[in-house]
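Below is one structure, written out as structure tokens, with a few remarks after it.
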Amino acid sequence: MEDIEHIEKEMKLIGSDGRRLDGRSFDELRPIRIEAGVLRRADGSAYIEWGGNKVLAAVYGPREAHPRHLQDPARALVQCRYNMAPFSVSDRKRPGPDRRSVEISKVISEAFSSVVFKEQFPRTSVDIFIEVLQADAGTRCAGLTAASVALADAGVPMRDLVASCASGKIDGVVCLDLNKDEDNFGDADCPMAIVPRTGDVVLLQMDGHLTYDEFQKAMGLSIDAARRIYEMQRDALRRRYSVTLEDILKESPPTAPVAEERPVTSEEDFGPEGI
Amino acid sequence: MEDIEHIEKEMKLIGSDGRRLDGRSFDELRPIRIEAGVLRRADGSAYIEWGGNKVLAAVYGPREAHPRHLQDPARALVQCRYNMAPFSVSDRKRPGPDRRSVEISKVISEAFSSVVFKEQFPRTSVDIFIEVLQADAGTRCAGLTAASVALADAGVPMRDLVASCASGKIDGVVCLDLNKDEDNFGDADCPMAIVPRTGDVVLLQMDGHLTYDEFQKAMGLSIDAARRIYEMQRDALRRRYSVTLEDILKESPPTAPVAEERPVTSEEDFGPEGI
Amino acid sequence: MEDIEHIEKEMKLIGSDGRRLDGRSFDELRPIRIEAGVLRRADGSAYIEWGGNKVLAAVYGPREAHPRHLQDPARALVQCRYNMAPFSVSDRKRPGPDRRSVEISKVISEAFSSVVFKEQFPRTSVDIFIEVLQADAGTRCAGLTAASVALADAGVPMRDLVASCASGKIDGVVCLDLNKDEDNFGDADCPMAIVPRTGDVVLLQMDGHLTYDEFQKAMGLSIDAARRIYEMQRDALRRRYSVTLEDILKESPPTAPVAEERPVTSEEDFGPEGI
Amino acid sequence: MSEEIVSELMRAHIYRLASTGQRVDGRGLDQPRKVSVDRAFVKTAEGSARVKLGNTDVLVGIKMSVGEPYPDTPNTGVLSTSVELIPMASPTFEAGPPRPDAIELARVVDRGIRESKMVNMERLCITPKEKVWILFIDIHVLDYDGNLFDACSYAAVAALASTVAPAKSQGLGDDFPLPVEHWPVSVTTAKIKELLLVDPSLDEERMADARLTVTTDENGDIRAMQKGLSGSFTYEEVKRIIETAQRVGRDIRPLLQSS
Amino acid sequence: MSEEIVSELMRAHIYRLASTGQRVDGRGLDQPRKVSVDRAFVKTAEGSARVKLGNTDVLVGIKMSVGEPYPDTPNTGVLSTSVELIPMASPTFEAGPPRPDAIELARVVDRGIRESKMVNMERLCITPKEKVWILFIDIHVLDYDGNLFDACSYAAVAALASTVAPAKSQGLGDDFPLPVEHWPVSVTTAKIKELLLVDPSLDEERMADARLTVTTDENGDIRAMQKGLSGSFTYEEVKRIIETAQRVGRDIRPLLQSS
Amino acid sequence: MSEEIVSELMRAHIYRLASTGQRVDGRGLDQPRKVSVDRAFVKTAEGSARVKLGNTDVLVGIKMSVGEPYPDTPNTGVLSTSVELIPMASPTFEAGPPRPDAIELARVVDRGIRESKMVNMERLCITPKEKVWILFIDIHVLDYDGNLFDACSYAAVAALASTVAPAKSQGLGDDFPLPVEHWPVSVTTAKIKELLLVDPSLDEERMADARLTVTTDENGDIRAMQKGLSGSFTYEEVKRIIETAQRVGRDIRPLLQSS
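Chains as they are written, first to last, in my numbering: chain Y, 9 to 283; chain W, 9 to 283; chain L, 9 to 283; chain F, 9 to 267; chain P, 9 to 267; chain G, 9 to 267.
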């Protein structure tokens with residue numbers, strides 16, 4: 009295995025035609041497919057396939073926070089648990105949270121904290137569960153993007169959806185949305201998430217090596233991509249609540265629409281476009 | 009060690025005379041000795057030697073269940089903790105519950121739940137502790153049998169005692185009460201527990217390979233044996249509360265009788281024979 | 009490494025001049041330096057250098073004990089947590105309490121329990137934290153000595169300070185205050201702590217091999233040393249609360265005196281000398 | 009959480025219906041829910057299957073690695089089954105180490121596979137006493153609507169049947185499918201008062217007095233059994249349940265075998 | 009749980025009696041309870057002993073296995089002592105990882121054995137730096153009526169003295185009894201106000217201000233000491249307690265040695 | 009604990025002052041507190057540094073041992089960073105396993121050092137695939153007055169720079185200083201409403217809406233970033249913060265480098 013990696017390290021990640029190994033150009037996203045309302049027990053849910061990533065998100069709440077001493081008398085808690093299934097990566101991951109999962113859970117919780125109208129639901133918690141079923145780099149962005157749709161599906165009032173995408177640097181070139189090989193053998197990775205309507209940055213992490221100029225190029229790519237992803241999120245919600253309900257994900261047929269009882273969010277909150 | 013086991017695998021577990029390696033016939037129990045009231049602090053207790061098994065059982069309660077949020081306002085909890093001492097098996101067992109112990113604790117708790125008059129003691133718990141001091145296969149049946157006597161010794165009102173025994177298959181023959189070698193190198197094991205007065209099955213597990221016919225033979229042997237064990241349980245309780253208190257277990261002399269203050273159970277509950 | 013130890017085992021710990029390897033005589037303490045009030049957040053604190061030991065102690069409280077079910081309606085809890093930094097010993101220690109730390113925390117808690125006026129602060133806890141930053145044998149005595157000063161610095165009312173020192177036996181000779189090599193290759197170690205004003209023994213442990221006579225010699229050395237250490241403790245408190253505040257520990261300048269708001273202890277409690 | 013308790017009204021309704029041989033979702037008492045199987049859902053696993061049993065949704069991934077055998081079974085591979093009842097699947101599931109429910113579930117699924125000798129574990133020995141294949145069955149419950157015993161077992165069996173051992177990447181020759189030799193099928197029956205209901209839904213499960221899981225193989229032989237809950241069965245009931253398990257098992261087995 | 013608190017009346021009674029040199033169970037202040045020792049109770053262990061000290065009932069099993077020495081003691085076997093305060097033994101014991109009480113108890117018993125050099129651990133070295141015998145002392149408290157320090161120590165010493173190393177099954181020559189060279193005896197004294205009581209019963213222990221455990225060997229030399237509880241001793245009291253421990257130790261030692 | 013909540017009055021005061029470009033301790037908004045570095049504080053460690061950032065007081069010790077590399081990086085040493093938020097340092101810190109705050113802190117400090125390639129980890133390989141140096145960065149927070157991200161990072165960098173590998177005691181040639189090649193400096197900015205404050209004190213940190221930590225190297229290049237807290241930044245704010253981090257980093261770097 010080490011030999012293979014060694015070879016790949018020597019290998020160019022960008023070909024002479026300027027294309028990446030999977031054929032994408034530097035500013036091209038991997039294929040993304042989002043489905044809202046895929047689970048029955050959860051209050052809201054979504055499934056995303058993003059390149060080789062397969063991620064489920066579910067939302068429960070607002071529900072009574074427990075244990076009680078965690079309750080905030082002034083607002084809802086927004087709590088995310090990001091988890092990787094043991095079989096989602098090439099070397100089996102032991103079940104349960106590792107340090108990486110704990111950190112990702114924390115930054116995703118914080119990202120959603122700024123968009124959920126927490127003050128409307130004191131003493132409750134909004135619980136977001138992200139399960140990575142198959143991983144191919146960028147799982148936090150995929151999970152965040154799906155969780156955003158799951159929150160809307162659960163009818164949790166929000167200022168806006170959150171859309172997320174990473175950019176990075178491979179072979180010295182700033183590129184959008186690294187896949188696993190690009191992430192492993194690249195020079196930098198910079199996941200971010202924004203509130204598309206305002207452009208506010210709610211998640212930002214970086215590791216690797218970027219000049220200030222490169223960082224700005226990366227952010228430019230990510231912001232642009234996040235706006236495209238935002239459209240996909242809204243499409244997924246439109247399909248979910250449309251009259252002709254498409255049974256796209258054969259294994260997980262969406263349950264009956266619940267839009268009547270749990271409005272996703274009000275027109276005012278969500279901007280002129282509605283959803 | 010592997011070589012020895014390999015040899016034993018080739019070895020016949022039933023001789024040409026139809027006898028098992030320890031000389032028993034197919035429907036013969038190992039020697040069993042039960043003693044009630046062997047501990048001082050516990051509300052009730054019993055000690056059982058069953059073949060090479062040495063098992064202690066103790067009961068505390070009904071006592072206030074804690075932590076409080078576990079309390080059931082309508083009935084008592086019946087909670088069993090089955091535990092093996094580190095030195096009870098040939099390879100030292102690390103202290104603390106393993107997955108096997110957790111499962112056995114659960115099925116024993118459930119077995120007693122159906123006989124204890126739980127509704128008489130809301131918000132309390134009846135705590136059953138089973139300690140395997142020396143193991144030789146069939147510890148859950150031995151523990152359950154002893155715990156039943158300990159519950160009676162503690163004066164916990166019950167519909168009846170619970171009596172337990174396993175049957176299995178070795179060398180293709182259905183046999184009663186497997187010992188350790190028979191369990192390790194046999195084809196199937198099927199522990200069960202019944203309420204003798206009604207024949208109700210309160211515990212039933214099986215692993216291995218039994219045809220439906222063989223299963224019925226095994227159950228027949230076990231039910232018959234459980235009725236014999238029931239008599240031994242009642243004998244132990246009679247000795248415990250008799251005028252001439254026999255000091256059978258020299259190391260653990262029974263404490264003074266407490267039958268006056270804590271009647272084991274009423275005549276109605278326990279059948280015409282009383283105890 | 010084993011070879012080195014083997015050599016040292018053969019090595020004499022006491023030279024032909026009767027001096028120990030570090031040049032001390034049998035009844036000589038290692039250099040000790042104590043500083044009170046070295047941390048800002050803690051209610052009281054002290055730093056001690058004792059030979060190669062560097063130990064910090066901090067005190068919080070009396071403050072509301074939590075979790076609540078631990079509260080004692082009649083008195084304060086005195087709870088110590090002794091901890092070694094991973095880098096304080098030659099082979100890195102894994103973070104978190106090991107069995108040794110748990111035991112030391114317990115005996116130090118008990119030692120202070122007898123001097124703190126617990127009845128004055130029902131339902132509270134007095135929390136003592138001892139951090140060993142660099143270890144060279146005798147850390148529990150050093151920690152206890154520092155914690156005593158930290159308690160006074162926090163203004164916790166006490167009958168007296170507690171002073172602590174160990175004695176032991178090396179090369180068959182009873183000696184005061186063993187260092188690391190002497191502890192590792194010596195014959196016995198006997199840490200103790202007393203209330204200097206009364207001579208009451210509040211901590212006493214021993215392991216090794218001492219005749220009754222040797223034990224009495226060891227106790228004699230330790231009691232005498234504890235009285236000298238008591239003076240150093242009081243000096244540290246005097247410096248801390250004096251007009252000319254000496255900036256001895258350059259890296260940890262004492263914060264502004266708080267003696268006005270939190271009297272260390274009353275004249276009556278602390279004996280005629282006051283502090 | 010109030011939704012977690014089956015209302016008295018619902019309990020009465022379920023029982024009244026069942027006493028006339030009917031169930032809320034239209035099934036007969038001895039009829040399981042629809043089983044659908046999606047194989048090879050997860051590419052990062054050596055094998056996988058997503059099974060829906062009614063609305064209960066379970067994903068199993070199989071990972072294989074090379075390790076040491078247990079000292080007392082030096083010639084056989086190692087099988088390790090674990091269940092995560094992730095809080096996504098139900099408001100009653102909590103994060104954290106597995107609780108008794110999840111441990112029992114994992115052990116019963118494991119026994120069904122192990123005791124039926126579904127996979128010939130001796131053929132997963134590479135070098136006796138030194139190197140064997142280790143087979144991890146990781147069960148991820150995604151949506152919980154009752155009867156996890158059977159749903160998890162079906163997903164594990166289907167996933168194992170689709171598993172290809174990654175021998176090549178370990179320098180151990182060509183990749184090969186697992187040596188599957190038997191086909192255990194688990195069938196769980198719940199008892200509500202005097203009635204026996206196969207494959208209980210969530211509401212039925214919650215009001216059940218007792219539960220019996222019976223795993224049979226392709227010959228109808230019994231390979232594993234587990235009684236649960238605090239009620240009891242008569243011996244006659246046990247026998248009826250086994251006969252039903254044999255019959256229902258025959259119906260479900262092909263769904264797990266076909267690819 | 010109310011029974012767990014010694015009533016004020018009982019406390020007053022115990023103290024009043026003790027101040028006249030008497031105790032509730034008829035003993036004198038410096039007299040331990042009856043010690044009974046049952047060896048070889050557990051056949052699955054390499055050695056075992058069940059000790060009753062009054063009504064306190066403790067079972068110790070010794071297991072031996074072969075493993076690596078610690079790097080800093082390459083020529084000596086490994087000794088590992090653990091105590092389980094199982095909830096069977098007392099309503100105040102709880103299941104779970106050992107709490108500070110159990111940890112202190114295990115460490116004090118361990119020190120008494122280790123520091124007295126009872127077992128010659130160097131003779132448990134098989135191959136320096138590589139293979140040594142590991143000795144597990146597992147202490148199971150069955151019934152708790154006070155003074156676990158001494159009861160556990162007696163059971164551990166008696167169990168060690170009855171232990172036969174299973175060398176043959178490891179291909180290491182003939183089985184052999186442990187090389188026992190010293191006989192440590194632990195004697196614990198409780199202080200109630202100004203009174204000193206040897207081997208406190210549960211009620212006495214609960215009202216004690218301070219506790220001192222002294223382990224002496226067959227020469228009367230001190231091998232380990234541990235002061236406990238939140239009270240204090242005068243130095244004079246410490247000396248009296250040591251002298252009592254030497255004397256009581258001489259009485260109890262033969263009970264642990266004989267087989 | 010009441011002291012743990014910044015009073016409304018204090019919050020208003022801090023904000024009012026800040027909106028005029030001032031801070032309670034006299035600093036300007038983009039000015040960090042005084043940094044003092046004490047190297048080689050701990051002799052038992054291979055390297056150490058005690059850093060005070062204002063009143064925040066952090067001690068880092070570096071330990072090195074020899075072990076196996078990770079299979080996927082057979083030619084590089086291993087770096088392991090952990091933080092203990094010991095209860096000594098703050099009434100809000102609790103003993104026990106690290107909570108999410110401490111885990112994030114350790115990971116962000118670790119990334120700053122790892123991603124900047126401060127230490128050439130390939131030169132810590134002894135025998136590829138078999139033996140490498142393992143570098144433990146243990147961060148002990150002694151006194152907490154805000155901005156642990158920067159204080160811990162400074163102490164870790166200064167400690168690494170003072171570390172001498174104990175090669176001789178391992179029979180691996182002469183001791184050598186760690187091969188330090190880059191100098192990452194972490195600069196954290198807090199956002200309070202619309203204002204940006206560099207190196208927030210405890211009170212400032214507690215009322216902050218968002219936090220951004222930017223680690224730059226000696227060329228001003230970005231090596232790691234971490235946004236925290238539940239507020240958000242505009243992209244323009246992010247850029248301003250990076251520029252400030254580059255400038256402040258240049259000022260602080262010499263303090264960490266000099267010995």
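Idealized CB from N, CA, C, for every residue including glycine. On a predicted model such as this, the values are computed, not experimentally measured, just so you know.
Test: residue i CB closer than 7 Å to a CB of chain W
{"i": "isoleucine 121 of chain F", "result": "no"}
{"i": "lysine 199 of chain F", "result": "no"}
Pick from the options that is closest to residue i, judged by C-alpha positions
{"i": "alanine 233 of chain W", "options": "W:Val110, W:Tyr249, W:Val170", "result": "W:Val170"}
{"i": "valine 157 of chain W", "options": "W:Ser117, W:Leu212, W:Tyr55", "result": "W:Tyr55"}
{"i": "serine 172 of chain W", "options": "W:Ala226, W:Cys183, W:Val203", "result": "W:Val203"}
{"i": "lysine 235 of chain F", "options": "F:Arg248, F:Asp229, F:Leu220", "result": "F:Leu220"}
{"i": "alanine 196 of chain W", "options": "F:Ser15, F:Ala173, F:Asp229", "result": "F:Asp229"}
{"i": "arginine 236 of chain Y", "options": "Y:Arg38, Y:Arg32, Y:Asp144", "result": "Y:Arg38"}
Alpha helix (DSSP H) segment containing residue i, residue limits
{"i": "glutamine 265 of chain F", "result": "243-265"}
{"i": "isoleucine 138 of chain W", "result": "Taken as a continuous stretch (DSSP letters only), isoleucine 138 of chain W belongs to no alpha helix (DSSP H), being part of the beta strand (DSSP E) at 132-142."}
{"i": "tyrosine 220 of chain W", "result": "220-248"}
Rounded straight-line distance, which links the Cα of residue j to that of residue i
{"i": "glycine 104 of chain F", "j": "valine 86 of chain G", "result": "29 Å"}
{"i": "serine 266 of chain G", "j": "lysine 225 of chain Y", "result": "35 Å"}
{"i": "serine 260 of chain Y", "j": "arginine 49 of chain Y", "result": "At serine 260 of chain Y, the pLDDT of 36 sits below 50, so the modelled position is not reliable; the number obtained from the coordinates is stated separately. Each residue's alpha carbon lies about 13 Å from the other."}
{"i": "glutamate 13 of chain Y", "j": "arginine 119 of chain G", "result": "Reliability fails at glutamate 13 of chain Y, whose pLDDT of 42 lies under 50, so the model's placement of it is uncertain and the value that follows must be treated cautiously. Cα to Cα, the separation comes out at about 22 Å."}
{"i": "tryptophan 141 of chain P", "j": "valine 165 of chain P", "result": "18 Å"}
{"i": "arginine 258 of chain P", "j": "valine 206 of chain P", "result": "14 Å"}
{"i": "lysine 114 of chain L", "j": "glutamine 79 of chain Y", "result": "34 Å"}
{"i": "asparagine 91 of chain L", "j": "glycine 75 of chain P", "result": "30 Å"}
{"i": "alanine 174 of chain W", "j": "glycine 146 of chain W", "result": "7 Å"}
7 Å Cβ cutoff, residue i in contact with chain Y
{"i": "glycine 239 of chain G", "result": "yes"}
Test: residue i CB closer than 7 Å to a CB of chain F
{"i": "arginine 107 of chain W", "result": "yes"}
{"i": "serine 122 of chain W", "result": "yes"}
{"i": "leucine 257 of chain Y", "result": "With a pLDDT of only 31 at leucine 257 of chain Y, under 50, the local geometry of the prediction cannot be trusted, and the value read off the model is given with reservation. Not closer than 7 Å to any Cβ of chain F, the Cβ of leucine 257 of chain Y fails to qualify, so no."}
Beta carbon proximity, residue i to chain L, threshold 7 Å
{"i": "arginine 255 of chain P", "result": "no"}
{"i": "glutamate 213 of chain G", "result": "no"}
{"i": "glutamate 112 of chain P", "result": "yes"}
{"i": "glutamate 12 of chain P", "result": "At glutamate 12 of chain P the pLDDT is 49, less than 50, meaning the model places this residue with poor confidence; the figure from the coordinates comes in the next sentence. Judged by the 7 Å Cβ criterion, glutamate 12 of chain P is not in contact with chain L."}
Assumed close pair residue i, residue j - CB separation to whole angstroms, cut-off 8 Å
{"i": "serine 24 of chain L", "j": "leucine 85 of chain L", "result": "Between leucine 85 of chain L and serine 24 of chain L the Cβ distance is about 52 Å, and since that is not below 8 Å, they are no contact."}
Host beta strand (DSSP E) of residue i (start-end)
{"i": "serine 161 of chain G", "result": "Unbroken run through serine 161 of chain G is the alpha helix (DSSP H), 156-169; no beta strand (DSSP E)."}
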